[in-house]
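In full-length UniProt numbering, the protein residues as written are 1 to 331.
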């Protein structure tokens, strides 16, 4: 059987002699690897083609054979038992009136509005204290300008800036103090409700009466202190807290004095500004206004102190969980 080499460029086939060549004699192209001469290779017989499908016109390469299900062996009926007669399917004439028990959803109890508004009392009081401090500092700055103006001239822009700062801080402090008064009154109403409930007492004053007494301009001088003193001076509170109730009552009275003094100073400051006719009287009015603002800031801080102490005192009335002492063996 002969071996030949094909040219990769021109496609000519060259027989191989003793040694295989590398280059084509015709085109000087690269010769491929030696291979057998296709003319001398005996072809293998091919298998016969499968029959064609009569409908699909495709070679039929497999055949489907349908077989029946396997036979089930008959089991003999057990002796002594007879099958029950077949009864009709049960049916209901009407739709059943029973069903699974559906527990009604319990709506969450709505919180009273006094508790909602009272939650902002601490924030309003903190902001009001800061604004009153800023207003007092602005009044002192104005007083310093008045003292400086006795010997030297003050620029107009500095005077306008001082007046603007005093007006803005005073107005913001008044607005925030009104909001703080409303929220603190709501806090006091809600606190009294929980306080008397834990002491197993009933509050004899209505919510409307307490709110009006805390917010009306003249009645507010004594009514909030009266409400606080009623809680701490009751016999049940003295029995439960003892000296702690006395200490809290003392702080309430200090706050009460600051509260009344703040209102009196505010009224005197407004009256002073309206009636001051000389320059020295106006300067003294500015100094008194600064003192009034600082007193209002101290009253707001004292209100926060009283609220915190009352909350701590109320939390001590919570029922403690019962303890069970168990004897343990020593190691």
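For every residue, glycine included, the Cβ atom is placed at its ideal position computed from N, Cα and C.
Taking buried to mean at least 16 other C-beta atoms within 10 Å of its own C-beta, is residue i buried or exposed?
i, result
"residue 281", "exposed"
"residue 166", "buried"
"residue 35", "exposed"
"residue 349", "No answer is possible for residue 349: the residues shown for the chain start at 1 and end at 331."
"residue 52", "exposed"
"residue 279", "exposed"
"residue 118", "buried"
"residue 67", "exposed"
"residue 232", "buried"
Have a look at the options and flag the residue whose alpha-carbon is nearest the alpha-carbon of residue i.
i, options, result
"residue 121", "156, 7, 270, 178", "178"
"residue 130", "180, 259, 200, 271", "180"
"residue 267", "37, 65, 30, 291", "291"
"residue 116", "48, 191, 230", "191"
"residue 128", "175, 84, 92", "175"
"residue 47", "119, 171, 61", "61"
"residue 137", "18, 67, 173", "173"
"residue 295", "233, 135, 217", "135"
"residue 253", "19, 154, 229, 99", "229"
"residue 217", "149, 255, 263", "263"
"residue 417", "299, 205, 204", "No answer is possible for residue 417: it lies beyond the span of the chain, which begins at 1 and ends at 331."
If you measure between the beta carbons of residue i and residue j, is that distance less than 8 Å?
i, j, result
"residue 293", "residue 107", "no"
"residue 251", "residue 301", "no"
"residue 313", "residue 244", "yes"
"residue 333", "residue 248", "The chain is shown from 1 up to 331; residue 333 falls before or after that span and cannot be answered."
"residue 215", "residue 182", "yes"
"residue 348", "residue 304", "Beyond the ends of the chain as shown, which are 1 and 331, falls residue 348; an answer cannot be given."
"residue 133", "residue 297", "yes"
"residue 26", "residue 49", "no"
Which residues in the same chain as residue i place their Cβ atom closer than 7 Å to its Cβ, once the five residues preceding and following it in sequence are excluded?
i, result
"residue 164", "none"
"residue 15", "2, 4"
"residue 219", "213"
"residue 89", "none"
With a threshold of 6 Å on Cβ separation, who are the neighbours of residue i within its own chain once the five nearest residues in sequence on each side are excluded?
i, result
"residue 269", "288, 289, 292"
"residue 315", "none"
"residue 265", "292, 295"
Excluding the 5 residues flanking residue i on each side, which residues of the same chain have their C-beta closer than 8 Å to its C-beta?
i, result
"residue 162", "138, 141, 142, 145"
task: Report yes or no: do the stretch 182-194 and the stretch 107-126 share at least 3 C-beta pairs separated by less than 8 Å?
output: Verdict: yes, contact present.
- request: Assess, as a yes-or-no matter, whether the stretch 280-300 is touched by the stretch 142-160 under the definition of 3 or more beta carbon pairs within less than 8 Å.
  value: Yes, they touch.
message: For the structure I just gave you, are there three or more beta carbon pairs, one from the stretch 189-199 and one from the stretch 233-244, closer than 8 Å?
response: They touch, by the three-pair rule.
field: Touch test, the stretch 218-225 against the stretch 258-278, Cβ-Cβ under 8 Å, three pairs minimum
entry: These segments touch.
task: Examine the Cβ distances between the stretch 21-31 and the stretch 5-13 and report whether three or more of them are shorter than 8 Å.
output: Verdict: yes, contact present.
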